[in-house]
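Colleague: Chains as they are written, first to last, in this note's numbering: chain A, 278 to 622; chain B, 278 to 622; chain C, 278 to 622. Every residue, glycine too, gets a C-beta built ideally from N, C-alpha and C. Note that this is a predicted model, so its numbers are computed, not measured.
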Amino acid sequence: MGVSFTLGQLAEALGATLEGDRHRVVRGVASLEQAGPEHVSFVTASRYVKSAVQSGAAALVVGREVTGLPQALLRVDSTQTALIALLRLFHPERPVTAGVHATAVVETGARIDSSASVGAGAVVEAGAVVGARSRVGALCFVGAGAVLADDVVLHPRAVVHAGVVVGHRVTVHSGAVLGADGFGYAFDGTAHRKIPQVGGLRIADDVEIGANSTIDRATVGDTVIGRGSKIDNLVQVGHNCEVGEDVILVAQVGISGSCTIGNRAILAGQVGIADHVRVGEGAILTAQTGVPSDVEAGQVMSGTPCRPATLTRRIWAAETMLPELVRKVRALEKRVRELEENPGD
Amino acid sequence: MGVSFTLGQLAEALGATLEGDRHRVVRGVASLEQAGPEHVSFVTASRYVKSAVQSGAAALVVGREVTGLPQALLRVDSTQTALIALLRLFHPERPVTAGVHATAVVETGARIDSSASVGAGAVVEAGAVVGARSRVGALCFVGAGAVLADDVVLHPRAVVHAGVVVGHRVTVHSGAVLGADGFGYAFDGTAHRKIPQVGGLRIADDVEIGANSTIDRATVGDTVIGRGSKIDNLVQVGHNCEVGEDVILVAQVGISGSCTIGNRAILAGQVGIADHVRVGEGAILTAQTGVPSDVEAGQVMSGTPCRPATLTRRIWAAETMLPELVRKVRALEKRVRELEENPGD
Amino acid sequence: MGVSFTLGQLAEALGATLEGDRHRVVRGVASLEQAGPEHVSFVTASRYVKSAVQSGAAALVVGREVTGLPQALLRVDSTQTALIALLRLFHPERPVTAGVHATAVVETGARIDSSASVGAGAVVEAGAVVGARSRVGALCFVGAGAVLADDVVLHPRAVVHAGVVVGHRVTVHSGAVLGADGFGYAFDGTAHRKIPQVGGLRIADDVEIGANSTIDRATVGDTVIGRGSKIDNLVQVGHNCEVGEDVILVAQVGISGSCTIGNRAILAGQVGIADHVRVGEGAILTAQTGVPSDVEAGQVMSGTPCRPATLTRRIWAAETMLPELVRKVRALEKRVRELEENPGD
């Protein structure tokens, strides 16, 4: 909306080497396909160079080595990092006015930092703490004694239950539920009796949690999400899990109770993990993988039940031959029977 | 509740040919199994004729060709279309009073059409537009600059984030989150850095979105849901996806970022699609299918990884023989070895 | 927080036989790994005895037969039942003050029992009933004519739609949506026309429903969840399903429309069930199982498509040999061809 920069200004802001007209003005960022003469676009991987040639963009953010492009170029060491800066230039975060909205309900004994904000219709119970510059969005619920550290963002309608501890710079998207009861029952021969879920949930610094995801509190002790981990939408993390640092949980992943997920592990979409499983550091589980037992550090696993991805790929390739294989074995049996019956024939 | 019709009135309203007593009164619609002498029921497919014979219903809505039923019959060309009309007759939509509830928070600069309604506790931010006859349910959130066209229904506690554009006659069910950030990070060697998600989300006319589903805004440009598409509960649509027209996404489907789903495609429950995949027009993906790469128009695909459904069915049939096949091959190897060792024996 | 008991008091409260110092004081319950000298811990299965030996707990709740543990012991008949009682001793449920919060919106004609509570920002529409001691959490929505029986707990931000009937002692977690429209359309050649979802939803006594789960109302008649069933987070139950008694639905299970799930069936995480399927009493479906057709009572099923778990395990074992099997069959074909070509050789 009215934001514009010259290519010279962009080069300076991004630490880029400019090849092109310093004075040319651009007014927005767009994808290679949608960019016009007022846009800057970006080539974050060499496989996109071909579409870049045909892009109508005025200028492109590219790596140091890219050649053959007709547009003005902003050369950088890391196109991903530059893209982040570029988007923030054109789309600065909206400033938030500190203070508690008149319609919010803040119970006596809750402590809201004077630089924090609490949105319309939000509810903050007694004993809860909202740290410096943190934002509790409209219609959020923050339960008794929950702690939001500094620079936390709860998007509208997030729920943080009683006693949950949320670290610095954590972002929680709309509809996420942090600290609901874990799923624990004991069948006593007559009925499933609920095991009280009296433990906690601790979210470390720099975590992001997607829309409508659910992370349960522990039975006793704490469920833990480690520093820097990023969780997509509609993900389920069961009670007493310990998710490590810089872990990636893609949409619709489900992790049963008491699992340990190692640092920097990546669980792709719809992966399911059985309870009490340990996934090692840096392990990668491809989409829809089902994990019944421990996965060692650094392994890349696929399939249900999961196996090393290279083996799974070979199994998948062989599967397409399986109907034919059944036929072949039948034919072989017949031929061998004939050979057996007519040995010297 | 007190609504009743004679079969004659129903025949007229549905454009049906009545075989039975015009003056008989019915007071509700029920399934074949649950219908009593005060009910009208329906036979929407020939496989239900057998249970229809035993139904206690006073009358049945049936196709032109059905025979052998003892009840009064309302014959129509399309039983499905007639069923829709029949249900609306007995269950007219509740009228909604226009106006903004006293407890709703409508920020200055939001434009609410005088025929629209905003429910209790709802929050509508500055610059948002709510069109003619649209209904913002209780406890909904409509972000800054979001646009709801005419006759939109947001059920209680839906979230429409800033700038999202929602077409005419769109229905959004409770808990759905439209326009949360896409899941985009760049790992810089130290941490996952968030790529600002500054794009938009456009929902075309006549779309329906289920409870607790999540549709993310684009990184740049727009995520798009095409006209007439129907999305069930707990579905995830990633950033920058383009979902076509009249597409069906059944519950718990997950679509990764930057996918294109062709018009009239059907994705059954729990299907997962990898990122940047194109699913062609009219393709059908059966339940739980995992789609790693493009699917051509009109294809019916099953399994993970997905293959043409006919092949997958043959693989599944052969799989049940697989343990036996391993045994057979071992036996064959032994017999061939014996033949080789005793050639002329 | 300040709650403490002597082991003698605990023995009495739990009906346990104490082996140890009656006067020793403990101040909390912790897991074997995290317990210190102020804690009591528990050994709920014999496989945990090994870690129990090394636990720093002052005392352990154990079964009658466990031996070789150095800590004070509280011997009980059922460790699970004792654990429930133990957790409730140290963590009594927070008392709830009866009454309607000043910011709640209760429409005229809703009946709230004088012992019930309605939280901040909650909305209860006309004709709804909230029974004795029931609690409607903050920001919940209870639609017109919905009925909550006695001792119901709606956690903050749950949604109970119009006309839904909720039994005694039902617990609904945050974000759950009870009674949204089922997913029903008829394609008329031009568009998917919505089939009005005018039926109901009945939740029987003692049911628990997890965070962000969705249970749809019926097209006509009722969707039913039977007494004592426990539903985890992010579960989808489609319209017109009949879920039996004491059923377990683990996180992210998806049940299509018109299914019948027998009493005491267990559906593990991410299981998917096709529409109109009957799952028999006591059947067990392991995680990620895909169920295209009926499952008999008592069966244990795995895989997609599901098969008896014993067969599926054998198939999974054989699959790892499949690439090798393809190679072996090729080799066999060559050898048999040679035998055929050189019969008496």
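Under a three-way DSSP split, which group does B/Ser394 fall into?
Modeller: Along the second sequence, read from residue 1 onward, the residue named residue 394 of chain B stands at position 117. Of the three classes helix, strand and coil, the one that applies to B/Ser394 here is strand, per DSSP.
Colleague: Which chain A residues sit within Cβ distance under 7 Å of B/Gly531?
Modeller: Within the second sequence, the letter at position 254 stands for residue 531 of chain B. Ala528, Gln529, Gly546, Gln547, listed in chain order.
Colleague: Which of the three DSSP states is assigned to B/Gly279 in this structure?
Modeller: Within the second sequence, numbered from 1, the residue matching residue 279 of chain B stands at position 2. Of the three classes helix, strand and coil, the one that applies to B/Gly279 here is coil, per DSSP.
Colleague: If contact means a Cβ-Cβ distance below 8 Å, which residues of the region 487-498 of chain A contact chain B?
Modeller: Within the region 487-498 of chain A, the residues whose Cβ lies closer than 8 Å to some Cβ of chain B are Gly487, Ala488, Asn489, listed in chain order.
Colleague: Hey, would you say B/Gly559 sits closer than 8 Å to B/Ile538, going by beta carbons?
Modeller: Residue 559 of chain B sits at position 282 when you count from the first residue of the second sequence. Residue 538 of chain B sits at position 261 when you count from the first residue of the second sequence. No; because the gap between Cβ atoms is not below 8 Å, this pair is not in contact.
Colleague: Does the beta-carbon distance from A/Gly487 to A/Ala435 come in below 8 Å?
Modeller: Position 210 of the first sequence holds residue 487 of chain A. Position 158 of the first sequence holds residue 435 of chain A. No, these two residues do not count as a Cβ contact at 8 Å.
Colleague: Taking 8 Å as the CB-CB cut-off, is A/Pro314 touching chain C?
Modeller: Residue numbering aside, residue 314 of chain A sits at position 37 when the first sequence is read from its first letter. No - not a single Cβ of chain C is within 8 Å of the one on A/Pro314.
Colleague: Is there a C-beta anywhere in chain B that falls below 8 Å from the one on A/Leu291?
Modeller: In the first sequence, counting from the first residue as 1, residue 291 of chain A sits at position 14. No, A/Leu291 lies away from the interface with chain B (no Cβ there is under 8 Å from its Cβ).
Colleague: Could you give the DSSP three-state label for B/Ile472: helix, strand or coil?
Modeller: Within the second sequence, the letter at position 195 stands for residue 472 of chain B. Coil, per DSSP.
Colleague: Tell me, please, whether the CB atom of A/Lys611 is closer than 8 Å to any CB atom in chain B?
Modeller: Walking along the first sequence from the start, residue 611 of chain A turns up at place 334. No, A/Lys611 lies away from the interface with chain B (no Cβ there is under 8 Å from its Cβ).
Colleague: Could you have a look at B/Arg371 and say whether DSSP puts it in helix, strand or coil?
Modeller: Here residue 371 of chain B refers to the residue found at position 94 when the second sequence is read from its first residue. If DSSP states are grouped into helix, strand and coil, B/Arg371 belongs with coil.
Colleague: What residue does the alpha helix (DSSP H) around C/Ala586 start on, and which one ends it?
Modeller: Position 309 of the third sequence, counting from 1, holds the residue named residue 586 of chain C. Segment 586-596, the alpha helix (DSSP H) holding C/Ala586.
Colleague: Identify, in the order they occur along the chain, each residue of the same chain with its Cβ nearer than 6 Å to the Cβ of C/Ala421, setting aside the five sequence neighbours on each side.
Modeller: Along the third sequence, read from residue 1 onward, the residue named residue 421 of chain C stands at position 144. Contacts found: Glu402, Ala403, Gly404, Ala439.
Colleague: Considering Cα atoms alone, identify which of C/Gln565, C/Gln547, C/Gly534, C/Ala564 is closest to C/Arg555.
Modeller: Within the third sequence, residue 555 of chain C is the residue found at index 278, counting from 1. For the residues C/Gln565, C/Gln547, C/Gly534, C/Ala564, the minimum Cα distance to C/Arg555 belongs to C/Gly534.
Colleague: With distances taken from CA atoms, which of B/Pro569, B/Ala387, B/Asn540, B/Ala542 is nearest B/Gly549?
Modeller: In the second sequence, counting from the first residue as 1, residue 549 of chain B sits at position 272. Ranking B/Pro569, B/Ala387, B/Asn540, B/Ala542 by Cα distance to B/Gly549 puts B/Pro569 first.
Colleague: In terms of residues, what are the limits of the beta strand (DSSP E) holding C/Leu350?
Modeller: Within the third sequence, residue 350 of chain C is the residue found at index 73, counting from 1. Segment 349-352, the beta strand (DSSP E) holding C/Leu350.
Colleague: Return the residue from the list C/Leu478, C/Gln311, C/Lys507 that minimises the CA-CA distance to C/Asp499.
Modeller: Taking the third sequence and counting its residues from 1, the one referred to as residue 499 of chain C is at position 222. Nearest C-alpha to C/Asp499: C/Leu478.
Colleague: B/Ile561: which of B/Asn540, B/Ala551, B/Leu350, B/Ser328 sits nearest, CA to CA?
Modeller: Residue numbering aside, residue 561 of chain B sits at position 284 when the second sequence is read from its first letter. Measuring from the Cα of B/Ile561, the nearest candidate turns out to be B/Asn540.
Colleague: Pick from B/Ala409, B/Pro314, B/Ala290, B/Arg388: whose alpha carbon is nearest that of B/Leu360?
Modeller: Here residue 360 of chain B is taken as the residue at index 83 of the second sequence, counted from 1. Checking every option, the nearest Cα to that of B/Leu360 belongs to B/Ala290.
Colleague: Can you find a CB in chain C that lies within less than 8 Å of the CB of B/Ala564?
Modeller: Locating residue 564 of chain B in the second sequence gives position 287, where the first residue counts as 1. Chain C contact via Cβ: present.
Colleague: If you check the beta carbons only, do A/His516 and A/Asp493 fall under 8 Å apart?
Modeller: For the purposes of this step, residue 516 of chain A is taken as the residue at position 239 of the first sequence. For the purposes of this step, residue 493 of chain A is taken as the residue at position 216 of the first sequence. Cβ distance < 8 Å, so A/His516 and A/Asp493 count as in contact.
Colleague: I'd like the span of the alpha helix (DSSP H) that includes A/Arg232, first residue to last.
Modeller: As shown, chain A starts at 278 and ends at 622. That puts residue 232 of chain A outside it, with no answer to give.
Colleague: Flag this pair as yes or no: are the beta carbons of A/Ala564 and C/Ala564 separated by less than 8 Å?
Modeller: In the first sequence, the residue the question calls residue 564 of chain A occupies position 287. In the third sequence, the residue the question calls residue 564 of chain C occupies position 287. No, the pair does not count as a contact, with Cβ atoms beyond the cut-off.
Colleague: Say whether chain B places a C-beta atom closer than 8 Å to the C-beta of C/Ala457.
Modeller: Taking the first residue of the third sequence as 1, we reach residue 457 of chain C at position 180. Yes, contact with chain B.
Colleague: Between C/Pro600 and chain B, is there a C-beta pair that is closer than 8 Å?
Modeller: As a first step, residue 600 of chain C is located in the third sequence; it is residue number 323 there, counting from the start. For C/Pro600, the answer is no, since every Cβ of chain B falls outside 8 Å of its Cβ.
Colleague: Can you confirm whether A/Ala307, when its beta carbon is compared against all beta carbons of chain B, has any partner nearer than 8 Å?
Modeller: As a first step, residue 307 of chain A is located in the first sequence; it is residue number 30 there, counting from the start. Yes, contact with chain B.
Colleague: Cβ closer than 7 Å: which chain C residues qualify as neighbours of A/Ala626?
Modeller: This structure cannot speak to residue 626 of chain A, because chain A is shown only from 278 to 622.
Colleague: Suppose only complete runs of 3+ residues qualify. What are the beta strand (DSSP E) ranges in the region 489-518 of chain B, listed by chain order?
Modeller: List check, beta strand (DSSP E) in window: 491-493, 499-502.
Colleague: Three or more beta-carbon pairs under 8 Å between the region 291-308 of chain B and the region 298-313 of chain C, yes or no?
Modeller: As far as the Cβ criterion goes, the region 291-308 of chain B does not touch the region 298-313 of chain C, which means the pair count is below three.
Colleague: Whole angstroms is fine: what's the gap from A/His450's alpha carbon to A/Ala293's?
Modeller: Locating residue 450 of chain A in the first sequence gives position 173, where the first residue counts as 1. Locating residue 293 of chain A in the first sequence gives position 16, where the first residue counts as 1. Each residue's Cα considered, the two are about 33 Å apart.
Colleague: Would you mind giving the Cβ-Cβ distance between B/Gly461 and B/Gln474, rounded to the nearest angstrom? I have them listed as a contact below 8 Å.
Modeller: Against the second sequence, residue 461 of chain B aligns to sequence position 184. Against the second sequence, residue 474 of chain B aligns to sequence position 197. Indeed they touch by this definition, with Cβ atoms about 6 Å apart.
Colleague: Which bits of chain B does A/His368 rub up against, with CB to CB less than 8 Å?
Modeller: To locate residue 368 of chain A, count along the first sequence from 1; it is residue 91. Ordered by position in chain B, the residues that pass the 8 Å Cβ test against A/His368 are Pro473, Val475.
Colleague: So that I know if they touch, is there some Cβ in chain B lying closer than 8 Å to that of C/Ile543?
Modeller: Translated into the one-based positions of the third sequence, residue 543 of chain C becomes position 266. Not an interface residue.
Colleague: Please confirm whether B/Val437 has its beta-carbon closer than 8 Å to some beta-carbon of chain C.
Modeller: Walking along the second sequence from the start, residue 437 of chain B turns up at place 160. Not one chain C Cβ lies under 8 Å of B/Val437.
Colleague: Taking only beta-carbon positions, decide if C/Leu625 is within less than 8 Å of chain A.
Modeller: As shown, chain C starts at 278 and ends at 622. That puts residue 625 of chain C outside it, with no answer to give.
Colleague: Could you spell out where the beta strand (DSSP E) holding C/Ser318 opens and where it closes?
Modeller: Locating residue 318 of chain C in the third sequence gives position 41, counting from the first residue. Residues 316-319.
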